[in-house]
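Participant: Before I ask anything, here is the structure I am working with.
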Amino acid sequence: MKKFLKYFIKILAGILIPIFGYILTGLILSIIPTSPDSVNCKKNKEIYLTTNGVHLDIIIPTKYLENNLIEIFNVPASVNYLSFGWGDKGFYLETPTWDQLKFSVAVNAVFFKSETAMHVTQYKYQSDRWSKIELCEEQLHALINYVMDSFAKNNELQIMEIAGAGYFSNDKFYEATGNYSCLRTCNNWVNKGLKKAGVKTSVWSPFDFGVLYHVE
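One gets our numbering by counting positions in the sequence shown from 1 and adding 707 to each.
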């Protein structure tokens, strides 16, 4: 019995120590800010971040998008904002709500490198729950380029919609570049985009609140 208990404690420690180490590292690096180079341009463009409590999306007003992007995403004139999210493909497509989360999907997303997807949602109106970030023209272009580079493209350099996927009539899913893992989460994707745009953010944050901590 003592031998069994000893083995059990070792196994439990082998599981819990990496988890606590991951969480602690994420918290520490979330608090530490980046030091982006200053930009000599007027910050008169507004983009937003939104969260469902776990997952961050980047929201860009459609008035900032070029006509070819408006056509690519088939944006109606009544839509004023596009939300972009990057994440685990299996999680996105198989988990419309948290109560539908499967253990196998969660394990695959956390512990293995998995395929990814881009989630694009159309909004007519701004929400007061969004977090605003002010950018200049140069920063905005860098962010838009980063977002568009995250879409996987076919041989004709066209983004690829995932047929039949989408939670509502105002959202669609597309194939994405890169792999999802515990080291590269949806929130890391947003954090990296802000770095590309020269926005002060966290050094590394797998959590939504780590990114929002610096924005807010």
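Cβ coordinates follow ideal geometry from the N, Cα and C atoms, glycine included.
Please name the residue, chosen from Cys893, Glu844, Gly905 and Glu845, that lies closest to Pro742 on a Cα-to-Cα basis.
Facilitator: Within the sequence shown, numbered from 1, the residue matching residue 742 stands at position 35. Looking at the sequence provided, one finds Ser at residue 742 rather than Pro. Nearest of Cys893, Glu844, Gly905 and Glu845 to Ser742, Cα basis: Gly905.
Participant: Just to confirm before moving on: does the CB-CB distance between Ser790 and Thr828 stay below 8 Å?
Facilitator: Walking along the sequence shown from the start, residue 790 turns up at place 83. Walking along the sequence shown from the start, residue 828 turns up at place 121. In this structure, Thr828 lies closer than 8 Å to Ser790 by Cβ.
Participant: In chain order, what residues of the same chain have a beta carbon less than 7 Å from the beta carbon of Asp744, not counting five sequence neighbours either side?
Facilitator: Stepping through the sequence shown from its first residue, residue 744 is reached at position 37. For Asp744, where only same-chain residues beyond five positions count, the Cβ hits under 7 Å are Gly905.
Participant: For a minimum of 3 consecutive residues, which ranges assigned as the beta strand (DSSP E) are wholly contained in the segment 751-791?
Facilitator: With a minimum length of 3 residues, the continuous beta strand (DSSP E) runs that stay inside the segment 751-791 are 752-758 and 763-768.
Participant: Ends of the beta strand (DSSP E) at Met825?
Facilitator: As a first step, residue 825 is located in the sequence shown; it is residue number 118 there, counting from the start. Per DSSP, Met825 belongs to the beta strand (DSSP E) from Thr823 to Tyr830.
Participant: List the residues that DSSP assigns as beta-bridge partners of Leu842.
Facilitator: Position 135 of the sequence shown holds residue 842. Per DSSP, Lys752.
Participant: What three-state label does DSSP hand Pro740 in the structure shown?
Facilitator: On the sequence shown, position 33 is the one that residue 740 refers to. Looking at Pro740 - three-state DSSP - the assignment turns out to be strand.
Participant: Taking only the alpha-carbon atoms, compute the straight-line gap between Phe880 and Ile777 and give it to the nearest angstrom.
Facilitator: Residue mapping note: residue 880 aligns to position 173 of the sequence shown, counting from 1. Residue mapping note: residue 777 aligns to position 70 of the sequence shown, counting from 1. Using only the alpha carbons, I get a separation of about 16 Å.
Participant: Is it right to say Asp764 is buried, meaning 16 or more other beta carbons lie within 10 angstroms of its own, or is it exposed?
Facilitator: If you number the sequence shown from 1, residue 764 lands on position 57. Counting Cβ neighbours within 10 Å, Asp764 comes out buried, since at least 16 surround it.
Participant: What are the complete beta strand (DSSP E) segments, minimum 3 residues, inside the segment 872-904?
Facilitator: For the segment 872-904, whole beta strand (DSSP E) runs of length 3 or above, ordered along the chain, are 878-882.
Participant: With 8 Å set as the bound, which would you pick, yes or no: does the beta-carbon of Leu776 sit closer than that to a beta-carbon of chain C?
Facilitator: Structure shown: chain C not included; a single protein chain is present.
Participant: Rounded to a whole number of angstroms, what is the C-alpha to C-alpha distance between His826 and Ile730?
Facilitator: Walking along the sequence shown from the start, residue 826 turns up at place 119. Walking along the sequence shown from the start, residue 730 turns up at place 23. Their backbone Cα atoms lie some 26 Å apart in a straight line.
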